[in-house]
Every structure is written in structure tokens, then in C-alpha cells.
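First comes the structure, then the notes that go with it.
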Amino acid sequence: MMTEQKKQDDVDSKNKKNSYSRRKLGELLIETGLLTVEQLMEALKVQRDSGKRLGAILMDMNFVSEEEIAFALAMQLKIPYIDLHDYPIKDTILESIPREVSNKFTVVAIDLIENILNVAMADPLDLNVIKDLQFITGYNIQPSISTPTHIMNTLQKHYSPEKTIRQVASEFEGDEIMEFLPEESMDEEEEPSAEEFKDSPFVKMVDLIIRNAIKRGASDVHIEAQENQVRVRNRIDGVLQDSIKLPKWTQPIIISRIKVLGGMDISERRLPQDGRIKVRSRNISVDLRVSTLPTYYGEKAVIRILNKEEAFLSLEDLGFSEKNLKSLKTFVKQPQGMILFTGPTGSGKTSSLYACMKEIRSEEVNIISVEDPVEYELPGINQVQINEKVGLTFPFLLRSILRQDPNVIMIGEIRDMETAEIALQASLTGHLVLSTLHTNDAPSAVTRLIDIGMPPYLIASSILGIVAQRLVRKICPDCKEEYVPDPDLLSRISLNSGELPFKFYRGRGCKNCGQLGYKGRTVIEEIMIMGHKIRELIQSNASIDLIREAALATGMATLGVSGLKKVEMGITTLEEVLKAVQQKEELTSICPSCGKAVSLDFRNCPYCKKPLVPSCSTCGRIAQPEWVVCPYCRSELKPT
Numbered sequence: 000m001m002t003e004q005k006k007q008d009d010v011d012s013k014n015k016k017n018s019y020s021r022r023k024l025g026e027l028l029i030e031t032g033l034l035t036v037e038q039l040m041e042a043l044k045v046q047r048d049s050g051k052r053l054g055a056i057l058m059d060m061n062f063v064s065e066e067e068i069a070f071a072l073a074m075q076l077k078i079p080y081i082d083l084h085d086y087p088i089k090d091t092i093l094e095s096i097p098r099e100v101s102n103k104f105t106v107v108a109i110d111l112i113e114n115i116l117n118v119a120m121a122d123p124l125d126l127n128v129i130k131d132l133q134f135i136t137g138y139n140i141q142p143s144i145s146t147p148t149h150i151m152n153t154l155q156k157h158y159s160p161e162k163t164i165r166q167v168a169s170e171f172e173g174d175e176i177m178e179f180l181p182e183e184s185m186d187e188e189e190e191p192s193a194e195e196f197k198d199s200p201f202v203k204m205v206d207l208i209i210r211n212a213i214k215r216g217a218s219d220v221h222i223e224a225q226e227n228q229v230r231v232r233n234r235i236d237g238v239l240q241d242s243i244k245l246p247k248w249t250q251p252i253i254i255s256r257i258k259v260l261g262g263m264d265i266s267e268r269r270l271p272q273d274g275r276i277k278v279r280s281r282n283i284s285v286d287l288r289v290s291t292l293p294t295y296y297g298e299k300a301v302i303r304i305l306n307k308e309e310a311f312l313s314l315e316d317l318g319f320s321e322k323n324l325k326s327l328k329t330f331v332k333q334p335q336g337m338i339l340f341t342g343p344t345g346s347g348k349t350s351s352l353y354a355c356m357k358e359i360r361s362e363e364v365n366i367i368s369v370e371d372p373v374e375y376e377l378p379g380i381n382q383v384q385i386n387e388k389v390g391l392t393f394p395f396l397l398r399s400i401l402r403q404d405p406n407v408i409m410i411g412e413i414r415d416m417e418t419a420e421i422a423l424q425a426s427l428t429g430h431l432v433l434s435t436l437h438t439n440d441a442p443s444a445v446t447r448l449i450d451i452g453m454p455p456y457l458i459a460s461s462i463l464g465i466v467a468q469r470l471v472r473k474i475c476p477d478c479k480e481e482y483v484p485d486p487d488l489l490s491r492i493s494l495n496s497g498e499l500p501f502k503f504y505r506g507r508g509c510k511n512c513g514q515l516g517y518k519g520r521t522v523i524e525e526i527m528i529m530g531h532k533i534r535e536l537i538q539s540n541a542s543i544d545l546i547r548e549a550a551l552a553t554g555m556a557t558l559g560v561s562g563l564k565k566v567e568m569g570i571t572t573l574e575e576v577l578k579a580v581q582q583k584e585e586l587t588s589i590c591p592s593c594g595k596a597v598s599l600d601f602r603n604c605p606y607c608k609k610p611l612v613p614s615c616s617t618c619g620r621i622a623q624p625e626w627v628v629c630p631y632c633r634s635e636l637k638p639t
């Protein structure tokens, strides 16, 4: 009898709870005095005809606001109302609920105390959502209430922090308008006045997009046509970041404006086009290289920003180690020979070339460069641009340049056998030649030249040194903090979190770095000096592995070692280094005893002689850490 009575009480309690949780919104608003019975009846009549939610109808009829509905629910349910406008939420807590779930249920996690997750909800009466959140997160859910608009704005701000054109415009209020000068109309008499640029809002839009990118130190601006919008992204420190999203209808107008500035054909939308623009204002003077490409949803434009200030970086500014900087300065002071810079696109090779030319530029030296295209205008240097349409190719220009009495020749890139042969011959006949190749590391440049068709004796006798480099992002100094990297990352350099030979740092994210934790970039490099032993190996057609071993034996530090040194110095993160270098360079370990980087091929550290790989003391074979007995000689293994 008692059992039946208890069951009935449980059912009554459950029904009472469900009745309370399902109380209608209209009743709650009437009880709190925010709505009259007449207004509710009028809204219910509209709901019967339209089928819309009652809350939306009440707001459409201006009877109550979104905030008033949330306040009423908070008071009636005795739960807190959260104003998310400036509410501080940690990223890790917000992301405890997956983005798709937050969007679907209109919820956002705001705080975590022990095992209780505080969640701001648009509808805290929905018990099914609360149960789903408990299952997904593994926490007990404490509901709070906020408006759907505030919740969605918070999610948008966290996951897609792109800015509108209005927000960008507000940052430049009062700034001087920029002048865009097409390359072919640079005469003083034809210069347009600033007044012409103040009329059209689309002219201002292009102005703001470019000014925003320049202010944030972007190297490229991508204006991309998508199905329902135009996305503008800036490449900052080598990484693309969302900047602005614009309505779809603005796309053809913006692209046409960019084409006019770049001297391109605005009526041609089926073929890619290239152009060039100068941007000038009182505080800004940059060159823009423009490229358009027809895509499925319309034309895309990419604007390369060539900031002249970056062209005047010195070798010291690039971030080379003290030892490698000394070697590089020795190279550029030689009267003849070739210096090669290698690496993939975007690894800073051109900046290094310009820094070398700045180092040796003087009134006594005749420097001629052949580029495709000329990226930066350097005073005191004769710069020639490739134009294959009229026959100005690298080989053709190089033959002409040799009759111009040059001391130094800079070749933008060695692409074919003819260019390589002329460049190598020039380096043997009293000229210093600077150029680039696309290879993964310094020793690979030798095999690349051989593959092109160069004889080994010519390579060995002409090249002074080969510099392989990558760019990695630097930790923001304003939000730098110590941390322990992920175990998977540590395992790639044969470490675990229990044996860290030095401190690791990262950027927490702040206003100065755009919440990224990184600000600026630096170079990691390896320099192979063409010594006597390496020249002999090249002439004897030795394999790339033998050349690399000889370079390491003569003091070359690999890209991986250079990157790990930057990590040890607290300049960059382990993630950046492992992302920048190739698999072969990743195979580098850190000795837990002395903290120096060594190859994984080594069984003992060459610096402190401590064993890096566990081995059997009897037979010397490699042993696994968990082995108790050596399976080869049956000797008992001592625990490490």
C-alpha cells in the first residue's frame, strides 16, 4: 500500500514539475505586468493565422521587447538573467558545447564551477535541451537566461570574428583619404585629386578594405565571391584571417573598381588579368599588385601589398642566428661566386635577396637585378622586369646584363637550364650572383641544379654557399606565457611532459595580436658552406645523403635544429616549427640531459655522451623501455 502511494506521489510531483516547466509564455508575461490580456488575445489571433511563435509575434507587434521576455522568464523561474554584451567568457568554457549544438539550441556555455556548467539559454523551459547538454558535455547543467540575439552574437564573435565595413570604417574616421594611382598614369599632371574619391560609397569601400589590410600588416588581400556574400580575408604573418563580409551585390562593383585602378579591362570577366597600383597618402606609400580570376560565383581578386618599409630590412632584421649571419655577410663581401636561397613559396627568399643587396649597395658597386615581376623599387639598383611577350626572358636579359659591366647580379629565380648555365658562368667570371631555387633544404639545391642539366664541376667551383630558410610566427610579447606542449607534439621530438630540458612558451592572445598569440615572423635557416670536402663530393657525383652528412660534419645546423633553438629562446612555438619544416628535418631529438638538438640517428648525445636510445649493456642492441630481459642475449636489462 505504501509503495503504491509513493508511486502516486512521484507521478503527481512529476506532473506538477512538467506543468510548471510548460507554463505558457503569455501567462508569465501577464503575471509580470508586461502584457495585458487584450494584447495577448490579439497576438494569439495573429498566431492562429500565421503559425509563428508567440514571442516573435509579440515583438513584431511592439508589445514587448526581446529583453523584456527574457526578464519575465528570469523573474518567474527564479533563474539569473545574463547580459552577454560584455560578459567575459573563457574560450575553453565556451567551446565545451560544440558550435553546431550551440547554434541549434541557441545556448552558450558561460562558466564552469567544479562539475556544474552554467549555460545561458534562450529557452530554459526546454528540459530536453538540458538533458541533451548534460549528455554531450558530461557536466550538470545550471540554466541561465539570455536573449537569442545576445547568444548568437556571442557565438558569432567567438567563432567568426570578421568585421563589417561599418566597423572597419569607424576605425579610420578622420584619416586622410588615399589616392590610387594606376601604373600607366603616373604623370604629375594626370594625378587625380582626393576630391574625386569622396563621392562614391564603393570607392570608399575599396579604400577601407585596403587601408584595413595595410594597418594590420597584411601581405595579401583576398576578395572572394561566394554564393550569398563577398568574403574579404587578409593574410597576416602567412596565415589567412577573415576580415569583412559584404553583401553579394557589391562584388561586381568592387571588382570593377579594382580593375579600373589596376588598368585592367573591366569588360573582360572570362579571363584572368593582372595589374599594378600605387597607393599614396600622407603616411602611406605602397605598391599593390592585383590579380583577378574568374570563379564559379564570380571573379575573385587578390591584392599583394608591397610595403616599401619591408624592402629595406637589413640582414640583422631577418632573424638569422649570429653564426649564420656572420657566414652570410662573408658571402656577400666576396668579389665573385654564387649565393643561392632555397625554400618554398612564402619562405622569405625575396626579402633575404633584397637585404643582401642593401648590405652591399654602394656608389662603387653596379648592381643589376632581373625580376619577374619587380616587387620593390630599391634606389641605387638597376632593376629589370621580365616581359616574355616581347622576348625579355631571363636568358636574353642575362646575356645583355653581362655587357653592362655589373659587379653584382640578382636573378629572381633559376627556372631552366639556360638561366642556370649563364648564372653559373657569370659567377666564375668576376661577378657575384644572387638567386633562388625551390628546394626543401640546402643540400637538395645541388641535385636540383644537376637535374636541370648543370655539370657537377661547374656547380662545385661557382657556388659559395646555399641558404635554406622558412618563416615562422613569433610569439606575441604582450601575452607570452609558459606552458607544456601537447604530448603528441613532444613525441615528435622524442620528449615527454615529464622530461622537458627547457621552458616552452606560447601567446595567450590579446588585443595587440588580434587574439592569435603571434605577432610578426622570423626566419629559421640552414646554411651549407661549400668547403673543400663538399666540393669533392659534388664533383664525384655523391648522393645527397653523403653531401648532407658532410655539411653536418662541417658545422651546418639543420632547419629543425635552428627552429628548436628559436623555441628554446622563447621566440616561437613548437607547433610553428613542426609546421614549417619538412619530415626529414622533424626527425630531430632533444637530449634530456643537456637540452641540445641532435639527430634521431644518434644513439648517444654527441655533446654530453649520455645515451639517447635505451640499449642492452651486454650486446649493445637497441632495447624497448618496457623490456625486462634482452631478447637477443638473454641478459637482464637495468631499468632506465
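Every letter in the sequence shown is one number past the one before it in numbering that gives the first Met the number 0, and letter 67, counting from 1, is 66.
We treat Cβ as the ideally placed atom computed from N, Cα and C, and that holds for glycine.
The beta carbon of Tyr517 is closer than 7 Å to those of Asp236, Arg472, Lys473, Ile474, Cys475 and Gly506 in its chain, skipping five residues each way along the sequence. If you ignore the 5 residues before and after Arg288, its C-beta comes within less than 6 Å of the C-beta of Arg275 and Arg303, all in its own chain and listed in chain order. Per DSSP, the unbroken beta strand (DSSP E) holding Asp241 starts and ends at Val238 to Pro246.
Note on Val483: under 16 other CB atoms within 10 angstroms of its CB, so exposed under the neighbour-count rule. With fewer than 16 neighbouring CB atoms inside 10 Å of its own CB, His84 falls in the exposed class. Between the beta-carbon of Cys618 and that of Cys604 there is about 21 Å, and that puts the pair past the 8 Å contact cut. In the three-state DSSP reduction, Val364 falls in the coil class, being neither helix nor strand. Annotation: the continuous beta strand (DSSP E) that includes Arg520 extends over Tyr517 to Ile528. Distance check between Leu401 and each of Thr428, Ser351 and Gly379 places Thr428 closest, using alpha-carbon atoms only. The C-alpha of Lys77 is placed about 26 Å away from the C-alpha of Ala42. Between Pro123 and Ile150 the beta-carbon gap is near 12 Å, outside 8 Å, which marks them as no contact. In this structure, DSSP gives Ala467 an extended state, which the three-state scheme calls strand.
Val432 sits in a strand when the DSSP states are folded into three classes. Note that the C-beta distance between Leu463 and Gly554 is not below 7 Å. The three-state reading of DSSP puts Met40 in helix, counting H, G and I together.
Sequence-distant partners of Ala549 (beyond 5 residues in either direction) whose C-beta falls short of 7 Å from its own C-beta, in its chain, are Lys532, Ile533 and Leu536. By DSSP's assignment, Ser64 forms no beta bridge with any residue. The criterion of a C-beta distance shorter than 7 Å is not satisfied by Leu239 and Arg230.
Going by DSSP, Lys357 is part of no beta strand (DSSP E) but of the alpha helix (DSSP H) stretching over Lys348 to Ile359. Each residue's CA atom was taken as its position, placing Tyr296 and Ile208 some 20 Å apart. With respect to Ala467, Asp440 sits close: the two C-beta atoms are nearer than 7 Å.
A Cβ-Cβ contact shorter than 7 Å links Ile385 with Asp371. The beta-carbon distance between Tyr504 and Glu525, rounded to whole angstroms, is 23 Å. This is too long to meet the 8 Å contact definition.
Contact annotation: Pro271 and Leu292 have beta-carbon atoms nearer than 7 Å. Assignment of Gln141 by DSSP, reduced to helix, strand and coil, places it in the strand class. Around the Cβ of Lys578, a 10 Å sphere holds fewer than 16 other Cβ atoms; the residue is exposed.
For secondary structure counted as the beta strand (DSSP E) over 3 or more consecutive residues, the region 377 to 435 holds these complete runs in sequence order: 381 to 384 and 407 to 410. Taking all protein chains shown into account, Ser542 has fewer than 16 neighbouring C-beta atoms within 10 Å of its C-beta and is therefore exposed. In the three-state reduction of the DSSP assignment, Leu126 falls in the helix class, which pools H, G and I. In the three-state reduction of the DSSP assignment, Thr249 falls in the helix class, which pools H, G and I.
Rounded to the nearest angstrom, the Cβ distance from Cys355 to Leu312 is 11 Å, too far for a contact under 8 Å. Cβ contact annotation for Ile68 (same chain, cutoff 6 Å, sequence separation greater than five): Gly54, in chain order. Contact between the region 435 to 449 and the region 389 to 400 is absent: fewer than three C-beta pairs spanning the two stretches fall below 8 Å.
Annotated three-state conformation of Thr291 is strand, per DSSP. Per the C-alpha coordinates, the member of Lys348, Phe62, Asp110 and Ala121 positioned closest to Ala73 is Ala121. The residues Tyr606, in chain order, have a CB closer than 6 Å to that of Lys595 in the same chain once the five nearest residues on each side in sequence are set aside.
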